[in-house]
């Protein structure tokens, strides 16, 4: 089955924006304030996170323009390093990044949804702690699993149907966020004096440690900036549109995030916001009065649902790429004969993502995802440098390159070190998932049941997308270039 380059610029930006704007913007600032009880530093964390997201996304986009194939970092790592490194990236995406992000969004949605009706319904039936992480079963977990199942079923009926729903979520997400910022500055009860008694930047080593600790949850909130690389093989004029979609979406999200958090942090004194995992609702109550809490909570639920939908769409590409190359279960590469959907991959993803729903603390899940993601992003960001050394160049230009890439890599190393220092249990879980990829790689490499599947990936002629369709009607068949070892 051939691929069609049918994603226009709007489609690409829509997918990027919806992937980046998820639960993080509504929950993580409360966690940041527990690390650094300084609103100026908290706002600086969001600015820093946005700049790093742009730098990382530009590095990924440069590699995507050289190898415009579906599969994202799996493809670039395979070309730049080796199949085992690529497999590690695919395994992390499967085992942690996408699956855990689906679960985190589902649990965050469940908790917000329950507050709309009766917060007392958010109860737990079972609870146990294992290796520093608390696992539990309660109403939120059951509702979260049901939500994941719903979007899995939506995707079963084809990417065309799923993408139209995704665009519907994205459109109202943008309208809602812009309305929140506009009304917040126009009629909101914000007070800039909440910033005045705090220093602007850290003045000692301990202060910078607190700033980096605060940047960890921010890094999670910006995740999704590489989503376009997973469908690069379907983007029209990839050398131009990948670059433009990255710039527009990352700058737009950064701008919105900074303005929204300015409103959060100026809505009330720090002691009312620190540690609040529903800071979006709390801050809105201070800004507009408690009468808007139901409306704001409903909108937040909407955003969470859109994030779940985007993660399910994007995550399946990596499983395809691995299966096609013979490094995952062959059945994961099969498409439904009628709906052209990866139905077995979707079922597997649903079952696996449900396991993360049993992690009780959203914060623990957040740090676990961030650790594994940063490990992967750090080595992937260096791939365009390797490609250029091999004379695989194009006309794609990154402002400040290669220094912006080196700065991004250095910043990631510092944040990872801070994460291990401050959240060692969650960091070790993320690192453990990474190491587990090594024996799995050799299992699939020497397994007779897992062999590369030859697929014609010559793109079909570009077709105009119908309406605002996010993805083509036929399900893509991601495959990394080059032959697996």
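Residue numbers (full-length UniProt numbering): 1 to 485.
Cβ atoms here follow ideal geometry from the backbone N, Cα and C, with glycine treated the same way.
Note that the structure is predicted; figures quoted are calculated from it, not measured.
Out of 87, 53 and 65, which has the shortest C-alpha to C-alpha gap to residue 326? 87
Leaving out five residues on either side along the sequence, give the residues of the same chain with a beta carbon under 8 Å from the beta carbon of residue 308. 102, 105, 106, 109, 147, 148 and 151
So what does DSSP say about residue 81, is it helix, strand or coil? coil
N- and C-terminal bounds of the alpha helix (DSSP H) containing residue 25: 24–35
Pick helix, strand or coil for residue 420, following the three-state DSSP scheme. helix
Would you be able to state if there are at least three C-beta pairs under 8 Å between the segment 114–133 and the segment 152–160? Taking 8 Å as the limit for Cβ pairs, the verdict is that the segment 114–133 does not touch the segment 152–160.
In chain order, what residues of the same chain lie with their CB nearer than 7 Å to the CB of residue 97, ignoring the 5 residues before and after it? 369, 372 and 373
Do residue 39 and residue 195 have their beta-carbon atoms positioned less than 7 Å apart in this structure? yes
Simplified DSSP state of residue 426, which is helix, strand or coil: DSSP places residue 426 within a helical segment (H, G or I) once states are collapsed to three.
Mind checking residue 362: buried by the 16 CB within 10 Å criterion, or exposed? buried
Taking the alpha carbon of residue 184 as the point to measure from, which residue in 288, 230, 119 and 271 has its own alpha carbon closest? 288
Which whole runs of the alpha helix (DSSP H) in the segment 55–118 are 4 residues long or more, in chain order? Correct list: 73–80, 83–92 and 98–117.
Sub-7 Å separation of residue 55 and residue 408 beta-carbons: yes
Residue 269: buried (16+ other C-beta within 10 angstroms of its C-beta) or exposed? exposed
Using the three-state DSSP reduction, which class does residue 132 fall into: helix, strand or coil? coil
Near residue 464, what residues of its chain come up, given a Cβ to Cβ distance below 7 Å and the 5 sequence neighbours on each side ignored? Note that residue 464 scores 38 on pLDDT, short of 50, meaning its location in the model is unreliable; the coordinates nonetheless yield the value given after this. Here the set comprises nothing.
If you count every other CB in all the chains shown that lies within 10 Å of the CB of residue 343, and 16 or more means buried, which is it? With a 10 Å radius around the Cβ and a threshold of 16 neighbouring Cβ atoms, residue 343 comes out buried.
Measuring straight from C-alpha to C-alpha, what distance separates residue 466 and residue 235? With a pLDDT of 37 at residue 466, under the threshold of 50, the modelled position of this residue cannot be trusted, and the question is left open.
Below 7 Å CB to CB, which residues in the same chain sit around residue 67 once its five sequence neighbours on both sides are set aside? 75, 76, 79 and 481
Have a look at the DSSP bridge pairing and note the partners of residue 277. Answer by DSSP bridge pairing: none, since residue 277 is not bridged.
Can you say whether residue 182 is buried or exposed, counting buried as having 16 or more other CB atoms within 10 angstroms of its CB? Residue 182 counts as exposed, since fewer than 16 other C-beta atoms from the protein chains shown sit within 10 angstroms of its C-beta.
Environment of residue 469 [buried if 16+ CB atoms lie within 10 Å]: Any answer about residue 469 is weak, because its pLDDT of 32 lies below 50 and its placement is not dependable; what the coordinates show is given next. Buried.
Taking the CB atoms as reference points, tell me whether residue 69 and residue 233 lie closer together than 7 Å. yes
Where do the N-terminal and C-terminal ends of the alpha helix (DSSP H) with residue 250 fall, by residue? 238–267
If the criterion is Cβ atoms closer than 7 Å, does the pair residue 212 and residue 414 meet it? yes
Is it a yes or a no for the segment 132–140 touching the segment 420–434, going by three-plus beta-carbon pairs under 8 Å? yes
Quick one: what does DSSP say residue 127 is sitting in, helix, strand or coil? Secondary structure at residue 127: strand, using DSSP grouped into helix, strand and coil.
Nearest to residue 141 (by Cα), restricted to the options 278, 341 and 354: 354
Which residue wins for smallest C-alpha separation from residue 306, given the options 176, 445 and 201? 176
DSSP puts residue 504 in a beta bridge; with which residues? Only positions 1 to 485 of the chain appear in the structure, and residue 504 is not among them; the question remains open.
Helix, strand or coil for residue 359 per DSSP? strand
With DSSP as the reference, please indicate the residues paired to residue 137 in a beta bridge. 126
Within a Cβ cutoff of 6 Å, which residues of the same chain sit near residue 53, ignoring the five residues on either side of it in sequence? Within the same chain, residue 53 has close Cβ partners 222, 225 and 250.
Alpha carbon to alpha carbon, what distance is there between residue 29 and residue 360? Cα-Cα distance, rounded: 19 Å.
Name the two residues that bound the continuous alpha helix (DSSP H) containing residue 179. 159–187
Helix, strand or coil for residue 223 per DSSP? coil
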